[in-house]
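Enquirer:
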Amino acid sequence: MKSVIIGAHLQRDDIEPVAEALAVGDLFLSGLPVADDQPLGDRDLLLRVAKVRAALLDRATFIAIRYGFAGSPPEVASKCAAHVERWRALLEQHRDEVEMTLKVVAPEQQPRPDRRDFTSGGEYLKALHAATTAVDVDPDFRAAVENAIGKGRWLHRDQASLEFAALVARDAVERVRVAGEELKQRFPRVPFLLSGPWPLEVFADDRGE
Amino acid sequence: MIVANDEATLRQQLAFTDSMIPERISADPEIVENGLAKLVLSIIELIRRLLEKQALRRMDAGNLSDDEIEKLGTALMKLEEKMNELKRTFGLSDDDLNLKLGPVKMWE
Amino acid sequence: MDETLEELSLLEALDHLLDRGVVIAGEAVISIGDVDLLYLGLNIVLANVDAIVRTGRK
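Protein chains in written order, with my numbering: chain A, 1 to 209; chain B, 1001 to 1108; chain C, 2001 to 2058.
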């Protein structure tokens, strides 16, 4: 029997009875038990896990573990042992906070560099990277987003959009939603998507993804 | 909670990861065989995209040596070239290789 | 919520599930020129293909 691992939580009560709790070091991991031959790329399973994730977030903030790992308790423990200390510190620091994200479509798509224009692989990769980081949006809009949500990080995920992620107090989510509606009014032609609350995702990954 | 401005543009322009999830593929041997080239190439294309994405994230993090950047970049170029060759050989377009979820329905 | 908004909401939930968070699955590591590039997305694809192959054999 294996379990799809969902997140890392401070207390067992943060998990049960919504999901199964596995103790690892001082922390508890949440899991959804599935059959051993259950494929992970199953849409129904994905939707179930997304739903459980939302229910878990209602109880308490947790560290989001990227979908894709399912294992037995000993396998889970061995994968997570090295991370537990760092996770515990993050969870204690951000106990009452959740993540909010805002995606915005860039007004111009950066053209993708054509590999045939390059003889050096390194130059090609650098050009690809430059095209991604060149994506930007109206500075007024950027400032308005930071005002509406709070201090956070701007991330370049691809060549056509920009993303903002911030931690906000749990009881500030409604205020952020209202501010989002105001942004809609103020910038009617900027296509953006404000969503949340989310568990610690961007702010949990030490590789800054 | 979600606040969206201009849903149509968002749906079209934002790169959601749904395109990375393979459609539920039939296990009927005849259907599988006919669709095999498409399946294989779709998977290779998915891998290529993921590799590129991850290489770009490593560039962002700034923890690659010049030598590593050169090797990664060259490998990505070759992978892209190979994919284009394969697509031409099997007469498949980018649209043919687009892996998407079926019609998205409301979930409870 | 109208249909497009529902769809966006669903896509957002899946995007946050699949493309964010701490990576712990370490089996599928692809290296290019000694640079380790780790792909969770690959786990999902391979797991799906594996299930299809096994179903076909039954």
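We put the beta carbon where it would ideally sit given N, CA and C, even for glycine.
Here the structure is a predicted model, which is why all the values come from computation and not from measurement.
By how many angstroms is the C-alpha of residue 1070 of chain B removed from the C-alpha of residue 119 of chain A?
Expert: For the purposes of this step, residue 119 of chain A is taken as residue 119 along the first sequence, with counting starting at 1. For the purposes of this step, residue 1070 of chain B is taken as residue 70 along the second sequence, with counting starting at 1. The alpha-carbon atoms of residue 119 of chain A and residue 1070 of chain B are separated by roughly 11 Å.
Enquirer: From the DSSP secondary-structure annotation, give me the bridge partner or partners of residue 198 of chain A.
Expert: Mapped onto the first sequence, residue 198 of chain A falls at position 198. According to DSSP, residue 198 of chain A bridges with A/99.
Enquirer: Residue 172 of chain A: which of A/143, A/90, A/106, A/96 sits nearest, CA to CA?
Expert: As a first step, residue 172 of chain A must be located in the first sequence, where it is residue number 172. Per the Cα distances, A/96.
Enquirer: Is residue 1073 of chain B helix, strand or coil by DSSP?
Expert: Here residue 1073 of chain B refers to the residue found at position 73 when the second sequence is read from its first residue. DSSP places residue 1073 of chain B in helix when its eight states are reduced to three.
Enquirer: Starting from residue 33 of chain A, follow its DSSP beta bridges and name the residues at the other end.
Expert: Mapped onto the first sequence, residue 33 of chain A falls at position 33. DSSP, once it has assigned bridges, lists A/3 as partnering residue 33 of chain A.
Enquirer: Tell me which same chain residues have a C-beta within less than 7 Å of the C-beta of residue 26 of chain A, skipping the five on either side of it?
Expert: Within the first sequence, the letter at position 26 stands for residue 26 of chain A. Counting only Cβ-Cβ distances below 7 Å, and skipping sequence neighbours, we find 84, 88.
Enquirer: Would you call the CB atoms of residue 127 of chain A and residue 149 of chain A closer than 8 Å?
Expert: Position 127 of the first sequence, counted from the start, is the residue given in the question as residue 127 of chain A. Position 149 of the first sequence, counted from the start, is the residue given in the question as residue 149 of chain A. No, Cβ-Cβ distance for residue 127 of chain A and residue 149 of chain A is not below 8 Å.
Enquirer: Quick one: what's residue 63 of chain A bridged to in DSSP?
Expert: Reading the first sequence from its first residue, position 63 is the one you call residue 63 of chain A. The partner list for residue 63 of chain A (beta bridge, DSSP) reads A/8, A/200.
Enquirer: Under 7 Å Cβ to Cβ from residue 188 of chain A, same chain only, skipping five residues before and after it: list those, please.
Expert: Within the first sequence, residue 188 of chain A is the residue found at index 188, counting from 1. Excluding positions up to five away in sequence, the list is empty.
Enquirer: Between residue 40 of chain A and residue 8 of chain A, is the Cβ-Cβ spacing less than 8 Å?
Expert: In the first sequence, counting from the first residue as 1, residue 40 of chain A sits at position 40. In the first sequence, counting from the first residue as 1, residue 8 of chain A sits at position 8. No, the Cβ-Cβ distance between residue 40 of chain A and residue 8 of chain A is not below 8 Å.
Enquirer: Report yes or no: is there a C-beta of chain C within less than 8 Å of the C-beta of residue 97 of chain A?
Expert: Taking the first residue of the first sequence as 1, we reach residue 97 of chain A at position 97. Answer no: the Cβ-Cβ gap between residue 97 of chain A and chain C never drops below 8 Å.
Enquirer: Cβ atoms of residue 156 of chain A and residue 137 of chain A: under 8 Å apart, would you say?
Expert: For the purposes of this step, residue 137 of chain A is taken as residue 137 along the first sequence, with counting starting at 1. For the purposes of this step, residue 156 of chain A is taken as residue 156 along the first sequence, with counting starting at 1. No, these two residues do not count as a Cβ contact at 8 Å.
Enquirer: Cβ of residue 1083 of chain B less than 8 Å from any chain A Cβ?
Expert: Counting from 1 along the second sequence, the entry for residue 1083 of chain B is found at position 83. Cβ-Cβ to chain A under 8 Å: no for residue 1083 of chain B.
Enquirer: So is residue 173 of chain A in contact with chain B if we call contact Cβ pairs under 8 Å?
Expert: Residue mapping note: residue 173 of chain A aligns to position 173 of the first sequence, counting from 1. By this cut-off, residue 173 of chain A is an interface position.
Enquirer: With respect to the alpha helix (DSSP H) encompassing residue 1039 of chain B, which residues constitute its N-terminal and C-terminal limits?
Expert: For this step, residue 1039 of chain B is matched to residue 39 along the second sequence. Where residue 1039 of chain B is concerned, the enclosing alpha helix (DSSP H) stretches over 1036-1061.
Enquirer: Do you know how far the Cα of residue 91 of chain A is from the Cα of residue 2057 of chain C?
Expert: Reading the third sequence from its first residue, position 57 is the one you call residue 2057 of chain C. Reading the first sequence from its first residue, position 91 is the one you call residue 91 of chain A. For residue 2057 of chain C, the predicted structure reports a pLDDT of 47, less than 50, and the residue's modelled location is therefore unreliable. The matter cannot be settled from this model.
Enquirer: List, in chain order, every chain C residue whose beta-carbon is nearer than 7 Å to that of residue 195 of chain A.
Expert: To locate residue 195 of chain A, count along the first sequence from 1; it is residue 195. Residues of chain C passing the Cβ test: 2012.
Enquirer: Between the C-alpha atoms of residue 17 of chain A and residue 144 of chain A, what's the straight-line distance to the nearest angstrom?
Expert: Your numbering for residue 17 of chain A matches position 17 in the first sequence. Your numbering for residue 144 of chain A matches position 144 in the first sequence. Each residue's alpha carbon lies about 40 Å from the other.
Enquirer: Mark residue 28 of chain A as exposed unless 16 or more other C-beta atoms lie within 10 angstroms of its C-beta, in which case mark it buried.
Expert: To locate residue 28 of chain A, count along the first sequence from 1; it is residue 28. Counting Cβ neighbours within 10 Å, residue 28 of chain A comes out buried, since at least 16 surround it.
Enquirer: Apply the 10 Å Cβ neighbour rule to residue 100 of chain A and answer buried if 16 or more other Cβ atoms are within range, or exposed otherwise.
Expert: For the purposes of this step, residue 100 of chain A is taken as the residue at position 100 of the first sequence. Buried, since its Cβ has 16 or more Cβ neighbours within 10 Å.
Enquirer: Determine contact between the segment 104-118 of chain A and the segment 1039-1047 of chain B, defined as no fewer than three beta-carbon pairs at a distance below 8 Å.
Expert: no
Enquirer: Among residues of its own chain, excluding the 5 on either side of residue 1020 of chain B, which ones have a beta-carbon nearer than 8 Å to its beta-carbon?
Expert: The residue labelled residue 1020 of chain B in the question sits at position 20 within the second sequence. With a pLDDT of 49 at residue 1020 of chain B, under the threshold of 50, the modelled position of this residue cannot be trusted; read the value that follows with caution. Within the same chain, residue 1020 of chain B has close Cβ partners 1046, 1049, 1050, 1099.
Enquirer: Any Cβ of chain C within less than 8 Å of the Cβ of residue 1036 of chain B?
Expert: Numbered from its first residue, the second sequence carries residue 1036 of chain B at position 36. No, because no Cβ of chain C sits closer than 8 Å to the Cβ of residue 1036 of chain B.
Enquirer: Taking 8 Å as the threshold (beta carbon to beta carbon), is residue 209 of chain A in contact with chain B?
Expert: In the first sequence, counting from the first residue as 1, residue 209 of chain A sits at position 209. Any reading at residue 209 of chain A must be qualified, since the residue scores a pLDDT of 42, below 50, and its modelled position is unreliable; the value itself is stated next. So, interface residue.
Enquirer: How many angstroms separate the CA atom of residue 1065 of chain B from the CA atom of residue 121 of chain A?
Expert: Working through the second sequence from its first residue, we reach residue 1065 of chain B at position 65. Working through the first sequence from its first residue, we reach residue 121 of chain A at position 121. Rounded to whole angstroms, residue 1065 of chain B to residue 121 of chain A spans 13 Å at the Cα level.
Enquirer: Exposed or buried, residue 151 of chain A, counting other C-beta atoms within 10 Å across all chains shown (16 or more means buried)?
Expert: For the purposes of this step, residue 151 of chain A is taken as the residue at position 151 of the first sequence. Label assigned to residue 151 of chain A: exposed.
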